[in-house]
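Numbering (our numbering), first residue to last: -5 to 145.
The following block contains the structure:
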């Protein structure tokens, strides 16, 4: 029996950022539950995040991502933070896209419905797009929310 935990993910991300592990090894960890011939138990906290992390890992492997290490650094901050959630992971991995969408919304280039659809499309897992929107607005200096808390 193999047990996968959030702490293991945190360690692999940190080692990847320090050059001690590769992105291939990180991907292998994320897909271990699908590819292992042994029984794999996934800690519930990690299980919550895998529907967001696995598609990113597939995309990164297929298409490449020149900003992978920058995204991993943001992911590491989320994993080391209070409570990693799907929304926080999406915010870390898709930060640039989210900020562009939020800027377009604020300038009136896109409407609320388009913004919500495009945010929801960033992950196959259901997301609280309201929270992501608040964080993005805070990062743009458009709200009183303390962005560092990312509550």
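Backbone N, C-alpha and C fix where the C-beta goes; we use that ideal spot for every residue, glycine too.
Exposed or buried, what is residue 82 when buried is set at 16 or more other beta-carbons lying within 10 Å of its beta-carbon? Around the CB of residue 82, 16 or more other CB atoms lie within 10 Å, so the residue is classed as buried.
Please check the pair residue 66 and residue -1, which I expect to be a contact at CB under 8 Å, by giving their CB distance rounded to whole angstroms. The Cβ separation is near 18 Å, so there is no contact.
Measuring straight from C-alpha to C-alpha, what distance separates residue 42 and residue 103? Taking the straight line joining both Cα atoms gives about 33 Å.
Over what stretch of residues does the beta strand (DSSP E) that includes residue 37 continue unbroken? Here residue 37 belongs to no beta strand (DSSP E), and DSSP marks it neither H nor E.
Quick one, which of 77, 116, 78 and 76 has its alpha-carbon nearest residue 93's? Closest option to residue 93, judged by alpha-carbon separation, among 77, 116, 78 and 76: 116.
For residue -2, write down the residues that DSSP places opposite it in a beta bridge. Residue -2 is bridged to 36.
For residue 1, count neighbouring Cβ atoms within 10 angstroms of its own Cβ and tell me buried if that reaches 16, exposed if not. Classification of residue 1: exposed, given that the 10 Å Cβ count is below 16.
Does the distance from the CB of residue 51 to the CB of residue 24 come in under 8 Å? Yes, the pair counts as a contact, with Cβ atoms nearer than the cut-off.
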